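First residue of the sequence shown? That's 3 in this note's numbering, and the numbers climb one at a time after it.
The C-beta atom is built at its ideal place from N, Cα and C for all residues, glycine as well.
Please read these numbers as outputs of a predicted model, since none were measured by experiment.
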Amino acid sequence: MGQIQYSEKYFDDTYEYRHVVLPPEVAKLLPKNRLLSENEWRAIGVQQSRGWVHYAIHRPEPHIMLFRRPLNYQQQQDNQAQQSMLVK
Numbered sequence: 003m004g005q006i007q008y009s010e011k012y013f014d015d016t017y018e019y020r021h022v023v024l025p026p027e028v029a030k031l032l033p034k035n036r037l038l039s040e041n042e043w044r045a046i047g048v049q050q051s052r053g054w055v056h057y058a059i060h061r062p063e064p065h066i067m068l069f070r071r072p073l074n075y076q077q078q079q080d081n082q083a084q085q086s087m088l089v090k
């Protein structure tokens with residue numbers, strides 16, 4: 003069985019992105035015409051930190067999943083956690 007391959011992150015002014023290349027035996031499990039929820043992509047073996055959203059399907063290469071999340075997502079989550087600890 004082939005391994006899932008993860009790209010380095012890349013960025014624009016709003017989001018950070020990465021793509022995930024699935025081996026053929028995993029790619030055939032993907033639905034053809036819809037995006038996967040976080041629970042669904044984790045269930046097929048994709049592993050990455052929280053906040054990533056499967057946002058697009060590149061039709062010529064459906065075995066490549068395209069993900070994005072807002073810039074500074076992790077920092078925002080850390081700040082929210084700290085604030086909730088201060089409130090308690």
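| Item | Value |
| --- | --- |
| May I ask which residues mark the beginning and end of the beta strand (DSSP E) holding P72? | I66 to P72 |
| Assign V28 to one of three DSSP states: helix, strand, or coil. | helix |
| If you follow the alpha helix (DSSP H) that E42 is part of, which residue opens it and which one closes it? | E40 to A45 |
| Counting Cβ pairs closer than 8 Å, one from the segment 65 to 80 and one from the segment 21 to 30, do we hit at least three? | yes |
| Of the choices W43, V22, Y75 and S9, whose alpha-carbon is the least far from that of L2? | Any answer about residue 2 is impossible in this case: the structure gives the chain only from 3 up to 90. |
| What ranges does the beta strand (DSSP E) occupy inside the segment 3 to 27, keeping only unbroken runs of at least 3 residues that lie completely in it? | 17 to 23 |
| Does the distance from the CB of K11 to the CB of R20 come in under 7 Å? | yes |
| What residues in its chain sit with their C-beta under 8 Å from that of G47, if we drop five residues either side in the sequence? | I6 and V28 |
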